[in-house]
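Chains A and B supply the protein sequences, listed in that same order.
Residues in the first sequence are numbered from 1 upward in steps of one, following the working numbering.
Residues in the second sequence are numbered from 256 upward in steps of one, following the working numbering.
Glycine included, each C-beta is placed from N, C-alpha and C at the ideal position.
Written below as C-alpha cells is the structure these notes are about.
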Amino acid sequence: MNKPVLTVSHLSRTFLTGSRPVPAVCDVSLTVGSRESVGLVGESGCGKSTLARLITRLDSPDAGTVTLCGQDITRLSGASLRRAYRDIKMIFQEPRASFDPRLTLGTSIRVALHAAGFPRAKQTEETAHLLREVGLESSYADAQPGDVSGGECQRAAIARAVATRPRLLVCDEATSALDVSVQAQIMELLRTLGQTHGMSFLFISHDLALVSSFCTRLYVMRGGKIVEHGATGHVIRAPRNPYTRELISSVLPVC
Amino acid sequence: MEEHRGLLDIHHLSARYPCGTAVLHDVSLHMHSGEIVCVIGESGCGKSTLLRAILRMPGKVDITKGQILYRGTDLCTLSSSRLRQIRGAGIGMIFQEPGASLDPIRRIGTQFYETLRAHGHITRAQAEQTACALLLRLELSDPQRILKSCPVQLSGGMNQRVAIALAMALHPDVLLADEPTSALDVLVQAQIVNELLRLRNEFGTGILLVTHNMGVVAKMADKVAVMYGGRIVEYGYRDSILTTPSHPYTKALMEAIPRLDGTPPRGLPGRACRKFPQEGCAFAPRCPHAQPDCLSRTMGPIPIYGEHWTLCRLGGAPR
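Spelled out as C-alpha cells, the structure:
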C-alpha cells in the first residue's frame with residue numbers, strides 16, 4: 001500500500017460517567033492510504049464518533065497515537081495543532097448544527113480560510129469559488145444556515161471543509177440526515193472532490209450499503225473495538241465475524 | 256377507480272397550508288384491511304402532510320377538495336368530537352421521532368392509562384395488563400420496568416416500540432406511520448419492520464407508511480405510491496414499481512439507492528421541488544425527457560398494467 005495519510009495506533013479513550021468508567025474506544029488501530037476511501041461501520045454507541053473526534057483532535061486520547069501525514073499530532077497544541085488542522089477536516093451529521101446560526105454561510109467559510117492564513121483580500125473571491133465547486137451559486141454566501149435546505153447546508157459544510165485543501169476528510173454520518181436522492185448527490189460531490197484534490201476519506205456510517213458503494217476498505221466496529229476489517233467486497237461477501245454477518249443481514253435488499 | 260370500497264379511500268384530495276400555499280393536488284389512494292401502502296418521495300414532497308391531512312390535525316393543513324373515506328365515513332365533514340373518537344381507536348399514528356410523540360418526563364404506564372381512558376372505561380390495573388401484554392409482544396423484556404420508566408430513560412429503539420405499542424393498544428384498523436424507522440439504527444430498524452409486519456398479520460391492520468428507505472418498501476409494501484411535488488406520480492403494486500418503474504422520477508429515485516453490491520448511487524440533478532404547480536408536471540424542470548408542453552398539460556393517471564399507473568405520458572414507453 002502507498003504511504004498512509006493517517007495512521008491510528010492503539011488508540012483508547014475511556015469516559016467517566018458517575019463512578020463507572022465507560023471504555024468508548026479500546027485499542028483501535030487503523031490506516032487510511034493516500035487517495036483512499038476507508039469506511040467505518042457499526043451501530044449507534046459503538047464508539048465511531050468518539051474515534052472520529054479523537055482522530056480530528058476534537059478530543060484527546062488516554063493512550064495511543066494519531067499520525068497524520070507522517071507527523072504525530074496526538075500531543076500537539078497551539079499553533080502546531082492549528083497547522084495540522086489544515087490537513088484534516090471533518091463534516092458532521094447535522095449540517096445546520098455545525099454552522100453558527102447567526103453567521104452567514106459565507107462568513108463561516110471565510111473564518112475557516114482566515115484560520116488557515118489565507119490572504120484577506122482574496123477570501124471573498126475564494127469563498128464564491130468554493131461554493132461553486134460544491135454546486136451552490138455564490139449568492140449562497142449571504143444565506144444563513146436556517147434559510148437553506150439540509151442538502152444545501154451540507155454542501156456548504158463541505159465547501160468549508162475543503163477550503164484549506166485538506167489531505168483527509170473525516171465524514172461522520174455525513175448523509176444520514178438527508179433523503180436518498182440528496183444523499184446520492186452529496187456522495188457524487190464527495191467522489192468528484194476526492195478525485196480533483198487527491199483527498200482521502202474516512203467515511204463513518206451505519207449504512208453498510210452506502211459505505212460499500214464508496215469505500216475500498218472497511219472497518220467494522222463494535223463496543224469500542226475493531227472486530228473485522230478488509231477489502232469492502234471481501235468483508236461483505238465473506239464476513240468472518242458474527243456481528244458483521246448480523247449487520248449485513250439487517251440491510252434490507254431493495255429487490 | 257372510484258368504485259373502491261376499502262378501509263381507507265382517499266378521493267382527489269387537495270390541500271393547502273393555512274398560509275395559502277397549495278401542498279397536495281388530486282391525491283387518490285385506496286387501502287384494504289391488512290394492506291400495507293408505502294408512500295415514498297423526497298423531503299418536502301408532501302408525504303407527511305398527506306398523513307396529517309388524513310388525521311385532520313388542526314391548524315396544519317386545510318383540505319380544499321376531495322374526500323377521505325374511512326369505512327365509508329367522510330373524515331373531511333366530521334365534527335371534531337366524532338373525529339376524536341376515530342383518532343387513536345380507528346386510525347392510529349406513529350411518528351418519526353419516538354421521543355417527540357411521548358411525554359418525556361411522565362411514566363410510560365401513565366401514558367398508556369391516559370390513552371386507554373380517553374377511549375373507554377378502564378381501570379389502572381387493566382391498562383397495565385394490556386400494556387404489559389403489548390410490550391411483551393414487541394419483545395421488550397421486563398415490561399413492568401418500562402411502564403415505570405420515563406421516555407428519557409429509554410433508548411430510541413425502545414421508545415419507538417413503546418410508541419407502536421401505544422398506537423396498537425386501541426387496536427386501530429389503520430396505522431399511519433411517518434418514517435418510523437429512519438431515526439433508528441439498522442439493527443433496530445430491522446426489528447421494527449418485523450414487528451409492524453407481525454401486527455398486520457395478527458390484527459389485519461392496514462398500514463400507510465411514509466418512508467424514504469427503499470429497503471423497508473421492498474420488505475413491507477403491498478402497494479407503493481410515489482409522490483413528487485404534492486402529487487402521486489406513480490402508483491402500483493410493489494414489484495411492478497420496484498422492478499419496472501415507469502415515471503422518470505421513480506427511475507431516478509431507484510438509481511439513487513445505495514446497494515450492497517457496491518453500485519454507486521446516482522444523484523438526481525437539480526434541486527428539490529418547492530413550488531407545487533396546479534397545472535402541468537412538477538418534475539419537468541429536472542426531467543431528462545421533458546418536452547415543452549409538459550409544464551402546461553393537464554395531469555391524469557395513465558394506466559400501465561392492472562392497478563399500476565403513472566402521471567407521465569412517457570410512462571410505459573422504453574427509454
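From residue i to residue j, what does the alpha carbon distance come to, in whole angstroms?
{"i": "A/A24", "j": "A/G42", "result": "13 angstroms"}
{"i": "B/R379", "j": "B/Y368", "result": "6 angstroms"}
{"i": "B/R529", "j": "A/Y243", "result": "42 angstroms"}
{"i": "B/L431", "j": "A/R57", "result": "44 angstroms"}
{"i": "B/E383", "j": "B/D397", "result": "13 angstroms"}
{"i": "B/H426", "j": "B/R521", "result": "41 angstroms"}
{"i": "B/G517", "j": "A/I236", "result": "10 angstroms"}
{"i": "B/A507", "j": "B/L523", "result": "6 angstroms"}
{"i": "A/K89", "j": "A/D172", "result": "11 angstroms"}
{"i": "B/V448", "j": "A/R245", "result": "19 angstroms"}
{"i": "A/R132", "j": "B/A539", "result": "24 angstroms"}
{"i": "B/R574", "j": "A/Q195", "result": "Residue placement at B/R574 cannot be trusted, given a pLDDT of 39 that sits under 50; what the coordinates show is reported in the next sentence. Computed Cα separation, rounded: 31 angstroms."}
{"i": "B/L421", "j": "B/L389", "result": "8 angstroms"}
{"i": "B/P359", "j": "B/Q408", "result": "9 angstroms"}
{"i": "A/P119", "j": "B/A511", "result": "40 angstroms"}
{"i": "B/R361", "j": "A/A97", "result": "28 angstroms"}
{"i": "A/A84", "j": "A/M199", "result": "15 angstroms"}
{"i": "A/S139", "j": "A/I91", "result": "22 angstroms"}
{"i": "A/V180", "j": "B/M509", "result": "9 angstroms"}
{"i": "A/R191", "j": "B/I401", "result": "45 angstroms"}
{"i": "B/A545", "j": "B/L464", "result": "30 angstroms"}
{"i": "A/L51", "j": "A/D59", "result": "9 angstroms"}
Can you tell me which of the options puts its alpha carbon nearest to the alpha carbon of residue i?
{"i": "B/S501", "options": "B/T328, B/P556, B/I291", "result": "B/P556"}
{"i": "A/A231", "options": "A/T7, A/R245, A/V38", "result": "A/V38"}
{"i": "A/H129", "options": "A/D147, A/A163, A/G70, A/I226", "result": "A/A163"}
{"i": "B/T553", "options": "B/M312, B/P520, B/H280, B/G261", "result": "B/H280"}
{"i": "A/V182", "options": "A/Q195, A/K48, A/G150, A/A156", "result": "A/G150"}
{"i": "B/G459", "options": "B/D264, B/M286, B/C293, B/R271", "result": "B/M286"}
{"i": "B/S336", "options": "B/R311, B/Y492, B/A355", "result": "B/R311"}
{"i": "B/D433", "options": "B/Q446, B/Q415, B/V443, B/V441", "result": "B/Q415"}
{"i": "B/S437", "options": "B/G461, B/S298, B/E489", "result": "B/S298"}
{"i": "B/G525", "options": "A/T14, A/L68, A/Q185, A/S249", "result": "A/Q185"}
{"i": "B/I419", "options": "B/L333, B/Q381, B/A277, B/T370", "result": "B/T370"}
{"i": "B/G491", "options": "B/T499, B/L324, B/K474, B/K478", "result": "B/K478"}
{"i": "B/L442", "options": "A/S44, A/T31, A/G224, A/R35", "result": "A/S44"}
{"i": "B/F531", "options": "B/G261, B/V278, B/P273, B/Y272", "result": "B/V278"}
{"i": "B/E577", "options": "B/V316, B/L515, B/Q444, B/S495", "result": "In the structure as shown, chain B starts at 256 and stops at 574, and residue 577 of chain B therefore has no counterpart that could be examined."}
{"i": "A/A174", "options": "A/K48, A/L11, A/L54, A/A63", "result": "A/K48"}
{"i": "A/S80", "options": "A/S213, A/A116, A/P101", "result": "A/A116"}
By the three-class DSSP mapping on this structure, what secondary structure does residue i have?
{"i": "A/Q93", "result": "coil"}
{"i": "A/M199", "result": "coil"}
{"i": "A/E228", "result": "strand"}
{"i": "B/K315", "result": "coil"}
{"i": "A/K3", "result": "coil"}
{"i": "B/E258", "result": "Residue confidence is low: B/E258 scores 47 on pLDDT, short of 50, so the model does not pin down where it sits. Its coordinate-derived value is still stated next. Of the three classes helix, strand and coil, the one that applies to B/E258 here is coil, per DSSP."}
{"i": "A/S205", "result": "strand"}
{"i": "B/D494", "result": "helix"}
{"i": "B/P573", "result": "Confidence at B/P573 is low in this model, with a pLDDT of 45, below 50, so the placement of that residue is unreliable and no value is reported for it."}
{"i": "B/C528", "result": "coil"}
{"i": "B/M423", "result": "helix"}
{"i": "A/C26", "result": "strand"}
{"i": "B/C293", "result": "strand"}
{"i": "B/P500", "result": "coil"}
{"i": "B/S269", "result": "strand"}
{"i": "A/H234", "result": "helix"}
Write down the C-beta distance between residue i and residue j rounded to the nearest angstrom, noting that I regard them as a contact closer than 8 angstroms.
{"i": "B/G321", "j": "B/H267", "result": "4 angstroms"}
{"i": "B/I295", "j": "B/A308", "result": "About 17 angstroms; that fails the 8 angstroms criterion."}
{"i": "A/L136", "j": "A/A156", "result": "7 angstroms"}
{"i": "B/V582", "j": "B/T565", "result": "The first residue shown for chain B is 256 and the last is 574, placing residue 582 of chain B beyond what the model contains."}
{"i": "A/A159", "j": "A/V134", "result": "4 angstroms"}
{"i": "A/F201", "j": "A/L169", "result": "5 angstroms"}
Could you check whether the Cβ of residue i sits closer than 7 angstroms to any heavy atom belonging to the ligand GTP?
{"i": "B/A270", "result": "Because no ligand of any kind appears in the structure shown, any question about the ligand GTP cannot be addressed here."}
Taking any Cβ of chain E, which residues in the region 229-251 of chain A have a Cβ under 9 angstroms from it, in chain order? Protein chains in the displayed structure are A and B, and chain E is not among them.
List in chain order: all unbroken alpha helix (DSSP H) runs of 4+ residues lying wholly within the region 103-150 of chain A. Entirely contained in the region 103-150 of chain A, the alpha helix (DSSP H) runs reaching 4 residues are, in chain order, 105-115, 123-133.
Mind listing, in chain order, the continuous beta strand (DSSP E) runs of no fewer than 3 residues lying wholly within the region 34-69 of chain A? The DSSP assignment places 37-41, 63-68 as complete runs of the beta strand (DSSP E) inside the region 34-69 of chain A, in order along the chain (cut-off: 3 residues).
With a floor of 3 residues, list each beta strand (DSSP E) that falls wholly inside the region 339-379 of chain B, ordered by position along the chain.
Given a length threshold of 3 residues, each whole run of the beta strand (DSSP E) inside the region 339-379 of chain B is given here in chain order: 346-349.
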